[in-house]
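Input: a single structure, listed below in structure tokens.
There are 2 protein chains.
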Amino acid sequence: MRQTLSAPSMRLLYIHADYMEYETRKPTAIAEEVNDIDKRRRLEEVLVSFIAVENQDEGKIEEIANQAANDISETAARVGAQRILLYPYAHLSSELSDPETGVSTLRRLQEILRERGLETYRAPFGWYKSFKISCKGHPLSELSRHIVAGEEKTAPKGEERFIVLTPDGVEWRGRGRD
Amino acid sequence: MRQTLSAPSMRLLYIHADYMEYETRKPTAIAEEVNDIDKRRRLEEVLVSFIAVENQDEGKIEEIANQAANDISETAARVGAQRILLYPYAHLSSELSDPETGVSTLRRLQEILRERGLETYRAPFGWYKSFKISCKGHPLSELSRHIVAGEEKTAPKGEERFIVLTPDGVEWRGRGRD
Chain A
1 MRQTLSAPSM RLLYIHADYM EYETRKPTAI AEEVNDIDKR RRLEEVLVSF IAVENQDEGK
61 IEEIANQAAN DISETAARVG AQRILLYPYA HLSSELSDPE TGVSTLRRLQ EILRERGLET
121 YRAPFGWYKS FKISCKGHPL SELSRHIVAG EEKTAPKGEE RFIVLTPDGV EWRGRGRD
Chain B
179 MRQTLSAPSM RLLYIHADYM EYETRKPTAI AEEVNDIDKR RRLEEVLVSF IAVENQDEGK
239 IEEIANQAAN DISETAARVG AQRILLYPYA HLSSELSDPE TGVSTLRRLQ EILRERGLET
299 YRAPFGWYKS FKISCKGHPL SELSRHIVAG EEKTAPKGEE RFIVLTPDGV EWRGRGRD
């Protein structure tokens with residue numbers, strides 16, 4: 001248990017959506033600066049990745065961002081999403097990183113995904129936002145992950161053995177349930 | 179840590195929504211039976227409570243359902259929601275109860291809230307569902323909770339001291355951050 005607490009990690013909730021739109025409503029004390037174009041956005045046929053960055057370790061940002069990018073790009077391909085939205089979501093964790101690590105990690109993650117040629121957007125960090133989402137409802141349209149820096153996937157590739165779908169769409173993969 | 183693991187508990191994510199609509203798409207192996215009227219629903223001005231029931235202990239269903247009912251009814255009143263939707267959401271936890279405990283707890287929770295005169299609906303358990311939600315985006319429109327059976331709130335009542343709002347809407351309350 002304690003070991004996990006000190007390792008940088010990330011919790012993700014993916015929703016494969018017909019559309020997602022959001023609008024910034026009110027900044028918090030640590031809101032990042034946002035230009036007008038990023039204050040509201042609507043995307044169609046999108047994989048929304050709700051993300052909480054946990055346990056700050058600035059030296060590990062590159063590592064955790066790369067692991068997350070791998071998983072996000074694999075998932076987007078698997079469900080056939082045309083674009084990706086990274087959406088900061090503190091409610092997924094009770095062990096959040098400090099805000100600086102959080103926003104740096106999300107920015108780096110966006111860069112990596114774009115470098116790989118994926119159309120990737122990022123919702124502003126530290127703002128209260130309204131949003132509208134339409135979740136498709138197919139068995140892979142809601143998935144969750146706990147990604148820990150340095151932990152490689154041990155399960156074999158190939159969907160049949162790799163994924164076990166359970167009630168309400170929980171997945172078991174690799175060493176345990178995420 | 180270990181103590182918490184054996185106590186029945188519940189994770190909740192509240193979203194105060196302009197509307198929420200859902201439709202059952204596909205049953206899983208443990209889907210509950212649903213009549214036609216409950217297969218799809220649209221609610222306006224609703225507090226959506228996404229819920230994961232953790233750590234089965236059938237003897238404690240009454241206790242955890244009552245604690246959750248208290249928190250849900252307080253929150254609905256505080257944000258001014260006109261009705262409540264209980265929505266099973268396994269992705270909030272990695273320590274789910276067995277399905278029987280989960281569905282029994284949700285049913286009992288609905289009964290308690292209705293007995294208290296609150297207009298309360300429940301989305302079907304064990305089904306893949308599509309949904310559309312519009313989150314209002316005010317500072318209290320997204321809140322999360324971890325309710326543990328037998329743990330009373332230790333923080334004083336009164337919004338000023340009881341709630342600390344932080345970036346992305348995380349709340350600290352009582353003994354720790356949930």
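From first to last, the protein sequence lines stand for chains A and B.
Under our numbering, think of the first position of the first sequence as 1, with each following residue one higher.
Under our numbering, think of the first position of the second sequence as 179, with each following residue one higher.
Cβ coordinates follow ideal geometry from the N, Cα and C atoms, glycine included.
Hey, how far is the Cα of residue i from the Cα of residue j?
i, j, result
"A327 (chain B)", "R116 (chain A)", "47 Å"
"W305 (chain B)", "V34 (chain A)", "39 Å"
"I325 (chain B)", "S187 (chain B)", "5 Å"
"I229 (chain B)", "L264 (chain B)", "7 Å"
"R108 (chain A)", "R285 (chain B)", "44 Å"
"M198 (chain B)", "Y192 (chain B)", "12 Å"
"A29 (chain A)", "S97 (chain A)", "16 Å"
"K310 (chain B)", "L225 (chain B)", "14 Å"
"T202 (chain B)", "K217 (chain B)", "5 Å"
"N429 (chain B)", "E329 (chain B)", "Past the boundaries of the shown model lies residue 429 (chain B); chain B is included only from 179 to 356, so the question cannot be answered."
"L270 (chain B)", "S141 (chain A)", "15 Å"
"I84 (chain A)", "Q110 (chain A)", "9 Å"
"E236 (chain B)", "Q245 (chain B)", "15 Å"
"T56 (chain A)", "T101 (chain A)", "The question names Thr, but residue 56 (chain A) in the sequence shown is Gln. One C-alpha to the other measures close to 6 Å."
"P139 (chain A)", "I239 (chain B)", "29 Å"
"E32 (chain A)", "V103 (chain A)", "8 Å"
"L321 (chain B)", "L113 (chain A)", "30 Å"
"S134 (chain A)", "T75 (chain A)", "18 Å"
"E44 (chain A)", "K26 (chain A)", "25 Å"
"K307 (chain B)", "R78 (chain A)", "19 Å"
"P88 (chain A)", "A65 (chain A)", "14 Å"
"Y121 (chain A)", "E241 (chain B)", "44 Å"
"P277 (chain B)", "K136 (chain A)", "24 Å"
"S227 (chain B)", "A7 (chain A)", "31 Å"
"D18 (chain A)", "G80 (chain A)", "12 Å"
"T154 (chain A)", "E297 (chain B)", "For T154 (chain A), the predicted structure reports a pLDDT of 44, less than 50, and the residue's modelled location is therefore unreliable. A value from the coordinates is still provided. Taking the straight line from one Cα to the other gives about 47 Å."
"H194 (chain B)", "S73 (chain A)", "31 Å"
"T105 (chain A)", "R41 (chain A)", "21 Å"
"E273 (chain B)", "Y200 (chain B)", "25 Å"
Within 7 Å of any Cβ in chain B, is that where the Cβ of residue i sits?
i, result
"F50 (chain A)", "no"
"I64 (chain A)", "no"
"Y256 (chain A)", "The question about residue 256 (chain A) has no answer here: the residues shown for chain A are numbered 1 through 178."
"H91 (chain A)", "yes"
"L13 (chain A)", "yes"
"V148 (chain A)", "no"
"K39 (chain A)", "no"
"T60 (chain A)", "Position check: residue 60 (chain A) holds Lys in this sequence, whereas Thr was assumed. It does not: the Cβ of K60 (chain A) has no partner Cβ on chain B nearer than 7 Å."
"R145 (chain A)", "no"
"A7 (chain A)", "no"
"V46 (chain A)", "no"
"H16 (chain A)", "no"
"P156 (chain A)", "Because P156 (chain A) sits at a pLDDT of 38, beneath the cut-off of 50, its placement in the model cannot be relied upon, and the following sentence gives the value as read from the coordinates. Chain B, which has no Cβ nearer than 7 Å to the Cβ of P156 (chain A), makes this no."
If you follow the beta strand (DSSP E) that residue i is in, where does it begin and where does it stop?
i, result
"Q75 (chain A)", "It should be pointed out that residue 75 (chain A) corresponds to Thr in this sequence rather than to Gln. Run containing T75 (chain A): none in the beta strand (DSSP E); it sits in the alpha helix (DSSP H), 61-79."
"R261 (chain B)", "261-266"
Got a sec, what are the start and stop residues for the alpha helix (DSSP H) residue i sits in?
i, result
"D38 (chain A)", "36-39"
According to DSSP, which residues form a beta bridge with residue i?
i, result
"A195 (chain B)", "B:V224, B:C313"
"A230 (chain B)", "B:R189"
"E142 (chain A)", "A:I15"
"I325 (chain B)", "B:M188"
"L274 (chain B)", "B:E232"
"E210 (chain B)", "None; E210 (chain B) has no bridge partner."
"T283 (chain B)", "In DSSP, T283 (chain B) forms no bridge with anything."
Should residue i be flagged as near chain A, meaning a C-beta pair shorter than 7 Å?
i, result
"P317 (chain B)", "yes"
"Y161 (chain B)", "The structure shown has nothing for residue 161 (chain B), since chain B only spans 179 to 356."
"S312 (chain B)", "yes"
"S282 (chain B)", "no"
"R203 (chain B)", "yes"
Would the beta-carbon of residue i be found less than 6 Å away from any heavy atom of the ligand NAD?
i, result
"I15 (chain A)", "Among the ligands in the structure shown, none appear at all, so the ligand NAD cannot be discussed."
* **Unbroken stretches of the beta strand (DSSP E), 3 residues or longer, contained in the stretch 287-312 of chain B** => 298-300
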